[in-house]
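J.: Just dropping this structure here.
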Amino acid sequence: MSVKKKSVPSYRSIDKACTGIQGLDDITHGGLPAGRPTLVSGGPGSGKTLLGVSFLVEGAQRYHEPGVLLTFEENAEELAADVRSLGYDLDKLVAEGKLLIDYVHVDRSEIEETGEYDLEGLFVRLDHAIKQVGARRVMLDTIETLFGGLKDTGILRAELRRLFRWLRDKKMTTIVTAERGEQLFTRQGLEEYITDAVISLDHRVHDQISTRRIRVVKYRGSTHGTNEYPFLIDRDGITVLPVTSLLLEHEAPSSRISSGLPELDGMLGGQGFYRASTVLMSGTAGTGKTTLSAHFVNAACARGEKCLYFLFEESPQQMIRNMASAGIDLKRWVDKGLLVFHADRPSRHGLETHLVEMHHAVEINDPDVVVMDPVTNLMAVGTTADVRSMLTRVIDYLKTRGITAMFTSLTTPTQSLEHTEAMISSLMDTWILVAIESIDRQRTRNLYVLKSRGMPHSDEVRPFRFTSKGITLLPPASTSAAAPARAKRKSRGKAGRKSGSRS
Amino acid sequence: MSPATDKWDLRLYVAGQTPKAGRAFANLRKICEEHLAGRYSIEVIDLVENPALGRGDQILALPTLVRKLPTPIKKIIGDLSNTERVLVGLDLRPRRASA
Chain A
737 MSVKKKSVPS
747 YRSIDKACTG
757 IQGLDDITHG
767 GLPAGRPTLV
777 SGGPGSGKTL
787 LGVSFLVEGA
797 QRYHEPGVLL
807 TFEENAEELA
817 ADVRSLGYDL
827 DKLVAEGKLL
837 IDYVHVDRSE
847 IEETGEYDLE
857 GLFVRLDHAI
867 KQVGARRVML
877 DTIETLFGGL
887 KDTGILRAEL
897 RRLFRWLRDK
907 KMTTIVTAER
917 GEQLFTRQGL
927 EEYITDAVIS
937 LDHRVHDQIS
947 TRRIRVVKYR
957 GSTHGTNEYP
967 FLIDRDGITV
977 LPVTSLLLEH
987 EAPSSRISSG
997 LPELDGMLGG
1007 QGFYRASTVL
1017 MSGTAGTGKT
1027 TLSAHFVNAA
1037 CARGEKCLYF
1047 LFEESPQQMI
1057 RNMASAGIDL
1067 KRWVDKGLLV
1077 FHADRPSRHG
1087 LETHLVEMHH
1097 AVEINDPDVV
1107 VMDPVTNLMA
1117 VGTTADVRSM
1127 LTRVIDYLKT
1137 RGITAMFTSL
1147 TTPTQSLEHT
1157 EAMISSLMDT
1167 WILVAIESID
1177 RQRTRNLYVL
1187 KSRGMPHSDE
1197 VRPFRFTSKG
1207 ITLLPPASTS
1217 AAAPARAKRK
1227 SRGKAGRKSG
1237 SRS
Chain B
5 MSPATDKWDL
15 RLYVAGQTPK
25 AGRAFANLRK
35 ICEEHLAGRY
45 SIEVIDLVEN
55 PALGRGDQIL
65 ALPTLVRKLP
75 TPIKKIIGDL
85 SNTERVLVGL
95 DLRPRRASA
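Heads up: the protein sequence lines correspond to chains A and B, in order. Here this note's numbering is used: position 88 in the first sequence is 824, and no number is missing along the way. Here this note's numbering is used: position 88 in the second sequence is 92, and no number is missing along the way.
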């Protein structure tokens, strides 16, 4: 058994073999049952093979457990190409003697059956392969193919039962992949023989958006997460996201972080936001939300902190160009590697996948500051409740990592602000509103702090202006020192007719 | 049918000296003597002794008879107890629709 880097719960019951797949070891509380077979079932294209190969590759690379892959699929070259796209070099592992791949090919048309036989040849081959590399892990992908190659299913079933028993006797940690049947987890009812652990993969399309999910159906002798968890397959392999185990127990640092605008810091008790807190920046189109975020990011990068900026509307190039014209040079931070953009169309995948991708991007970049602009675009992808639940998870995750997060929110002039944002504003520690107000035929942009938990904050309405060096807050004007509620109402009426000039 | 000069190259894969392997070999000898007298050779490969050889001919079930020559390669699995099926499998008898 090998050591896992992250916290493995202390109530581990049986010996487990880490899969090395991010998140899967968390929901299985330590990995697959060591020395026993696990059934991985799913429909076509659900990621069974990639999961199994990851298990073998990680075993060989990280846990010093060589592996044998016995593949019954016909497209052997495709397999190598598929996993290469995940950054796995099977050829190298094979050359190093850490992995052995045996392609088993059965073609019913080539074979005549007469009289009694058994599958001892398969046993001999597997045994030989195991001895050659000193394997501790085995993957059978997809052994049910044999049912198409051999006519005598009676012999086949008896031999498969013997095979799984044999693998258990050899103490091989095994993944057996199978195509999901109509009623059962597998077409041929393999779950009858493999009773230690069953994992089910699923690839669902809802509203034309697909999400991959994984569920530990059964795990004998161990506790495990029972929910369906979203997972992602990308160039970094498989990532499973255990999303529901998060508790409200993150640290609450009392250190502060500048908003990037001294005047705004002044409105926030003189020191800006709390670190690891959440900031909502909302307003109608063209009020300057993105520019305010850029100030925040610019200041963080100037301090040498790392920023991750999620764009749901613009491309990074567009953002950099627009901010340059507003007097904020973001390109230098990108060049220095301090600022990373992650641009994605909200409609490209479901919320769960977005969630996984965000986690992934945060894991890789390890930022101090995260911005999501505009977070409201995600609402097009899911229901209000779904978006809220997803944001809750994102925020919990960011807070646990001590990341300060800013979310911009685009409010539409026709909707009531309280309604649109009631669902997300409660998740935010600080809420800043920017609005356009028209007085004497001139439009003025105003900013105010609606709330900021745990600190004294200003009640002022501060007009602001775009200058050659970004945004400058002006002293509160006597004419516009009206109550926020009134300002909001007015701004909505006007902004509806006249669209904003800059966002 | 095949000309008499044809050389028949047959391999019988087994794993150890099991009753099934013994039956298969005896059945094969009998069939060859009756139908291919003088123009066949049988090589018996014991995978217990040579496990690496199983991969080349894609051996899974045992016993397996492989016809290496004449081409194309044919495989017959089982103890070869059904002579009719063996002859069909080796192309020594035409395949019948009802078989």
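Ideal placement from N, C-alpha and C gives every residue a C-beta, glycine not left out.
By Cβ distance, which residues of its chain are closer than 6 angstroms to Arg949(A), with the 5 residues on each side in sequence left out?
T.: Residue 949(A) sits at position 213 when you count from the first residue of the first sequence. If we look at Arg949(A) and ignore the five residues flanking it on each side, its Cβ neighbours are Asp938, Glu964, Pro966.
J.: I'd like to know whether the C-beta of Ser85(B) is nearer than 8 angstroms to at least one C-beta of chain A.
T.: Reading the second sequence from its first residue, position 81 is the one you call residue 85(B). By this cut-off, Ser85(B) is an interface position.
J.: Determine which residues of the segment 811 to 838 of chain A have a Cβ less than 9 angstroms from any Cβ of chain B, and write them out in chain order.
T.: Answer set for the segment 811 to 838 of chain A: Asp838.
J.: Is the beta carbon of Ser782(A) closer than 8 angstroms to that of Phe921(A)?
T.: Here residue 921(A) refers to the residue found at position 185 of the first sequence. Here residue 782(A) refers to the residue found at position 46 of the first sequence. Cβ atoms of Phe921(A) and Ser782(A): not closer than 8 angstroms.
J.: At a CB-CB cut-off below 8 angstroms, which residues of chain B make contact with Val842(A)?
T.: Within the first sequence, the letter at position 106 stands for residue 842(A). Those within 8 angstroms of Val842(A) in chain B are Gln62, Leu64.
J.: Given Ala28(B), which residues of its chain have a CB within under 8 angstroms of its CB, disregarding the five upstream and five downstream residues?
T.: Taking the first residue of the second sequence as position 1, residue 28(B) is located at position 24. Hits under 8 angstroms: Leu16, Val18, Pro67, Leu69, Gly82, Asp83, Leu84.
J.: Below 7 angstroms between beta carbons is the criterion; list the residues of the segment 8 to 26 of chain B that meet it against any residue of chain A, in chain order.
T.: Residues passing the 7 angstroms Cβ filter: Tyr17, Ala19, Lys24.
J.: Check whether the Cβ of Ser981(A) lies closer than 8 angstroms to any Cβ atom in chain B.
T.: By one-based count along the first sequence, residue 981(A) stands at place 245. Legend: pLDDT at Ser981(A) = 47, less than 50; position of this residue unreliable, value from coordinates given subsequently. Closer than 8 angstroms: no.
J.: Within 8 angstroms, do at least three Cβ pairs link the segment 1198 to 1208 of chain A to the segment 1035 to 1043 of chain A?
T.: Judged by Cβ distances under 8 angstroms, the segment 1035 to 1043 of chain A makes no contact with the segment 1198 to 1208 of chain A, as fewer than three pairs qualify.
J.: Assuming contact is defined by CB atoms lying nearer than 8 angstroms, are Thr850(A) and Val874(A) in contact in what I supplied?
T.: Taking the first sequence and counting its residues from 1, one reaches residue 850(A) at position 114. Taking the first sequence and counting its residues from 1, one reaches residue 874(A) at position 138. No, the pair does not count as a contact, with Cβ atoms beyond the cut-off.
J.: Which of the three DSSP states, helix, strand or coil, is assigned to Lys24(B)?
T.: For the purposes of this step, residue 24(B) is taken as the residue at position 20 of the second sequence. Looking at Lys24(B) - three-state DSSP - the assignment turns out to be helix.
J.: Between which two residues does the alpha helix (DSSP H) holding Asn1034(A) run?
T.: Against the first sequence, residue 1034(A) aligns to sequence position 298. Asn1034(A) -> alpha helix (DSSP H) spans 1025 to 1038.
J.: Flag Arg898(A) as yes if its beta-carbon sits less than 8 angstroms from any beta-carbon of chain B, otherwise no.
T.: By 1-based counting over the first sequence, the position of residue 898(A) is 162. No, Arg898(A) does not count as interfacial toward chain B.
J.: What residues match up with Ser1083(A) in a beta bridge as DSSP calls it?
T.: Residue 1083(A) sits at position 347 when you count from the first residue of the first sequence. None; Ser1083(A) has no bridge partner.
J.: Give every residue of the same chain whose Cβ lies closer than 7 angstroms to the Cβ of Thr878(A), excluding the five residues on either side of it in the sequence, and list them in chain order.
T.: Here residue 878(A) refers to the residue found at position 142 when the first sequence is read from its first residue. Around Thr878(A): Phe808, Glu809, Thr913, Ala914, Glu915.
J.: Counting only C-beta atoms, is Lys34(B) closer than 8 angstroms to chain A at any point?
T.: Here residue 34(B) refers to the residue found at position 30 of the second sequence. So, not an interface residue.
J.: Is DSSP giving Ser1216(A) helix, strand or coil here?
T.: Counting from one through the first sequence, the residue named residue 1216(A) turns up at place 480. The predicted model places Ser1216(A) with a pLDDT of 45, which falls under 50 and marks its position as unreliable, so this point remains unresolved.
J.: Determine, using beta carbons only, whether Val48(B) comes closer than 8 angstroms to chain A.
T.: By 1-based counting over the second sequence, the position of residue 48(B) is 44. With 8 angstroms as the cut-off, Val48(B) does not count as an interface residue toward chain A.
J.: Alpha carbon to alpha carbon, what distance is there between Thr889(A) and Phe883(A)?
T.: Your numbering for residue 883(A) matches position 147 in the first sequence. Your numbering for residue 889(A) matches position 153 in the first sequence. One C-alpha to the other measures close to 7 angstroms.
J.: What in chain B is Cβ-close to Thr850(A), meaning under 8 angstroms?
T.: The count along the first sequence starts at 1 and reaches residue 850(A) at position 114. Within 8 angstroms Cβ-Cβ: Ile80, Ile81, Gly82, Asp83, Leu84, Ser85, Asn86, Arg89, Val90, Gly93.
J.: With distances taken from CA atoms, which of Glu1099(A), Ile1139(A), Met1017(A) is nearest Val1185(A)?
T.: The residue given as residue 1185(A) occupies position 449 in the first sequence. Selected option, being the one with the closest Cα: Met1017(A).
J.: For Asp1001(A) and Phe1077(A), I'd like the C-alpha separation in whole angstroms.
T.: Position 265 of the first sequence holds residue 1001(A). Position 341 of the first sequence holds residue 1077(A). For Asp1001(A) and Phe1077(A), the distance between alpha carbons rounds to 25 angstroms.
J.: Chain B beta carbons: is any one of them nearer than 8 angstroms to that of Arg861(A)?
T.: Along the first sequence, one-based indexing puts residue 861(A) at 125. For Arg861(A), the answer is yes, since a Cβ of chain B falls inside 8 angstroms of its Cβ.
J.: For a contact meaning CB atoms closer than 8 angstroms, what does Arg59(B) contact in chain A?
T.: Numbered from its first residue, the second sequence carries residue 59(B) at position 55. Under the 8 angstroms cutoff, chain A gives Asp838, Arg861.
J.: Taking buried to mean at least 16 other C-beta atoms within 10 Å of its own C-beta, is Pro1199(A) buried or exposed?
T.: As a working mapping, residue 1199(A) is identified with position 463 in the first sequence. Label assigned to Pro1199(A): buried.
J.: Are any of the Cβ atoms in chain A nearer than 8 angstroms to that of Leu4(B)?
T.: Residue coverage of chain B in this structure runs from 5 to 103, which leaves residue 4(B) outside it and unanswerable.
J.: With distances taken between CB atoms, is the gap from Val1105(A) to Thr1144(A) smaller than 8 angstroms?
T.: Your numbering for residue 1105(A) matches position 369 in the first sequence. Your numbering for residue 1144(A) matches position 408 in the first sequence. No, they are not a contact pair.
J.: Below 8 angstroms on the Cβ atoms is my contact criterion, and I expect Pro1052(A) with Ala1079(A) to pass it. Report the Cβ-Cβ distance as a whole number of Å.
T.: As a first step, residue 1052(A) must be located in the first sequence, where it is residue number 316. As a first step, residue 1079(A) must be located in the first sequence, where it is residue number 343. Right, the Cβ-Cβ distance comes to about 6 angstroms (below 8 angstroms), so this counts as a contact.
J.: By DSSP, does Ser981(A) sit in helix, in strand, or in coil?
T.: By 1-based counting over the first sequence, the position of residue 981(A) is 245. Because Ser981(A) carries a pLDDT of 47, less than 50, the predicted location of this residue cannot be relied on, and no value is offered for it.
J.: Let me know the secondary structure DSSP gives Ile35(B) once reduced to three states.
T.: As a first step, residue 35(B) must be located in the second sequence, where it is residue number 31. If DSSP states are grouped into helix, strand and coil, Ile35(B) belongs with the helices.
J.: For Glu827(A), count neighbouring C-beta atoms within 10 Å of its own C-beta (all shown protein chains included) and say buried if the count is 16 or more, exposed if not.
T.: The sequence position of residue 827(A) within the first sequence is 91, counting from 1. Checking the displayed sequence, the identity of residue 827(A) turns out to be Asp instead of Glu. The residue in question, Asp827(A), is exposed, as its Cβ has fewer than 16 Cβ neighbours within 10 Å.
J.: Which residues in chain A have a C-beta closer than 9 angstroms to the C-beta of Val70(B)? List them in chain order.
T.: For the purposes of this step, residue 70(B) is identified with residue 66 of the second sequence, where counting begins at 1. Correct list: empty, because the minimum Cβ distance to chain A is about 10 angstroms.
J.: What residues match up with Met12(B) in a beta bridge as DSSP calls it?
T.: Stepping through the second sequence from its first residue, residue 12(B) is reached at position 8. Checking the sequence shown, residue 12(B) turns out to be Trp, not Met. For Trp12(B), which the question treats as bridged, DSSP gives the partners Tyr44(B).
J.: Would you say Leu1209(A) and Glu1049(A) are within 8 angstroms of each other, going by their C-beta atoms?
T.: Here the question's residue 1209(A) lines up with position 473 in the first sequence. Here the question's residue 1049(A) lines up with position 313 in the first sequence. Not in contact: Leu1209(A) and Glu1049(A) (Cβ atoms no closer than 8 angstroms).
J.: Is any beta-carbon of chain A found at less than 8 angstroms from that of Leu158(B)?
T.: Nothing in the structure corresponds to residue 158(B), since chain B is present only between 5 and 103.
J.: In the DSSP assignment, what residue or residues form a beta bridge with Leu1075(A)?
T.: What you label residue 1075(A) is simply residue 339 of the first sequence in a count that begins at 1. Answer is Cys1043(A).
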